[in-house]
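According to full-length UniProt numbering, the stretch in the sequence shown is residues 1 to 262, in order.
Yeah, the Cβ is synthetic: ideal placement off N, Cα and C, and Gly gets one too.
What follows is a short report on a single structure.
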Amino acid sequence: MRKARVKDDTVTMVALLTACAELGDLELGRWVHARVDCEGWQWRTVLLDNVLIHMYVKCGAVEDGLRLFLEMPRRSTVSWTTMISGLAMHGRSEEALDLFYRMQERPDGATLLAVLQACSHAGRIDDGQRYFESMERVYGITPEIQHYGCMVDMLCRMKRLQEALELVEKMPFQPNEGTWGAVLNGCRREGNLGLATKVTDRLIELQPEQAAGHLTLLSNMYADVGQWEQAQMLRERAAALNAEKPAGRSWVNQNQSIMVVA
């Protein structure tokens, strides 16, 4: 693009920073940030600052993202959500929740999901339940499956498996693999093998291509409590499923001819 002498602009920088975030390329992200600063404030928009914050937190440079957030002359809901989520993602849940208390924009569903995740990582289940229950009443936001899944995960982390199951039954959605995965982790923490077996069956229904992996995990749970016969049977089922998978193939261009390599 630069060789073609095409002038870059805010859209270009947003695309570059998004790529840096996905690749975890902090060095290139800093270069783009410096390039933006060289152009002066005509490029600085709330959107661009939001993408810069996203890039920094995704690349692990949380302090740089926080510094930029605090320096922003104007912030949007996305600004607050990105920073709250970034802090929670890097184990700074208390700071994330403190930032939510100070939030000057009306939160949206993504903000409240980040808040629930922060509560989960901080072990603040009572606060998490309060926020979850107030979503519609206070903020006019209908909880989606991600919010329910986060609450199920939170309850399972705190070894409140029965409450998690009751919430799954009340969900206005069909539980997905993320929800059942959280319940399975809860079963592992509490050693509930009977429920773990039922949950594994649900996961296999949802993800038949990953059946061997789910069976191996269940086998490990049985092995952990010394039930070797059941563990071995599950491992044999997993091995049989792996044996049924077709061999992987690659397409190779050789001398202008396409060859298939197994």
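Distance, Cα to Cα, residue i vs residue j?
i: residue 178; j: residue 38; result: 44 Å
i: residue 221; j: residue 231; result: 8 Å
i: residue 71; j: residue 159; result: 41 Å
i: residue 120; j: residue 34; result: 36 Å
i: residue 153; j: residue 133; result: 16 Å
i: residue 115; j: residue 240; result: 43 Å
i: residue 44; j: residue 103; result: 22 Å
i: residue 67; j: residue 139; result: 28 Å
i: residue 236; j: residue 192; result: 22 Å
i: residue 51; j: residue 106; result: 20 Å
i: residue 218; j: residue 157; result: 18 Å
i: residue 65; j: residue 32; result: 14 Å
i: residue 176; j: residue 206; result: 7 Å
i: residue 122; j: residue 96; result: 10 Å
i: residue 143; j: residue 93; result: 21 Å
Around the Cβ of residue i, are there at least 16 other Cβ atoms within 10 angstroms (buried) or fewer (exposed)?
i: residue 173; result: exposed
i: residue 75; result: buried
i: residue 117; result: buried
i: residue 101; result: exposed
i: residue 11; result: exposed
Is the beta carbon of residue j closer than 7 Å to that of residue i?
i: residue 69; j: residue 83; result: yes
i: residue 161; j: residue 186; result: yes
i: residue 29; j: residue 55; result: yes
i: residue 199; j: residue 225; result: no
i: residue 113; j: residue 147; result: yes
i: residue 238; j: residue 196; result: no
i: residue 141; j: residue 109; result: yes
i: residue 86; j: residue 59; result: no
So, helix, strand or coil for residue i, using DSSP?
i: residue 79; result: helix
i: residue 129; result: helix
i: residue 204; result: helix
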